[in-house]
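> I'd like to ask some things about the structure below.
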Amino acid sequence: MIANPVFRYRMLTLAEGWSFVLLLVFGSLLSRVSSIDLVEQLGMLHGVLFVLLVVATLFIRRRLAWGFGTTLLALVCAVVPLAPFVFHRYKREQFRAAEQAAAPAEA
Numbered sequence: 006m007i008a009n010p011v012f013r014y015r016m017l018t019l020a021e022g023w024s025f026v027l028l029l030v031f032g033s034l035l036s037r038v039s040s041i042d043l044v045e046q047l048g049m050l051h052g053v054l055f056v057l058l059v060v061a062t063l064f065i066r067r068r069l070a071w072g073f074g075t076t077l078l079a080l081v082c083a084v085v086p087l088a089p090f091v092f093h094r095y096k097r098e099q100f101r102a103a104e105q106a107a108a109p110a111e112a
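Listed below in structure tokens is the structure:
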């Protein structure tokens with residue numbers, strides 16, 4: 006299942022969304038109310054996941070037959086807080102169907 010690019014894209018979408026939430030909540034908020042500063046570490050993690058998500062979106066768009074509009078929507082959702090979760094939910098059935106189609110047939 007991990008070898009499936011659609012599954013990896015789905016998991017990357019969720020990981021990037023959660024990294025943004027962690028950055029906003031724990032990074033920004035925690036640094037304001039205490040002496041703990043996690044912005045640099047969480048920012049680096051989120052930045053790496055964001056770049057991976059942009060590259061993965063551009064690679065996966067052909068496999069999922071996305072047009073320009075859907076690809077642009079996926080990229081915009083990567084920037085807006087909590088939007089990756091909405092996009093993931095919106096496209097869940099398409100992701101699952103693509104995963105099943107790419108899975109090897111069991112005997």
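Using the working numbering, you'd call the opening residue of the sequence shown number 6 and step up by one each time. Note that the Cβ used here is the ideal one computed from N, Cα and C, for glycine as well. Predicted model only: the values in this text are computed from it and were never measured.
Roughly how many angstroms lie between the CA atoms of GLY32 and ALA61, to the nearest whole one?
Cα to Cα, GLY32 sits roughly 26 Å from ALA61.
> Using only alpha-carbon positions, find the residue among GLU45, CYS82 and PRO86 that is nearest to TYR95.
TYR95 has its Cα closest to that of CYS82, out of GLU45, CYS82 and PRO86.
> If contact is defined by three or more beta carbon pairs under 8 Å, each pair taking one atom from either stretch, is the region 72–92 in contact with the region 17–27?
The region 17–27 vs the region 72–92: in contact.
> Secondary structure at TRP71, three-state DSSP: helix, strand or coil?
DSSP places TRP71 in coil when its eight states are reduced to three.
> LEU27 to GLY48, Cα distance in whole Å?
Cα-Cα distance, rounded: 9 Å.
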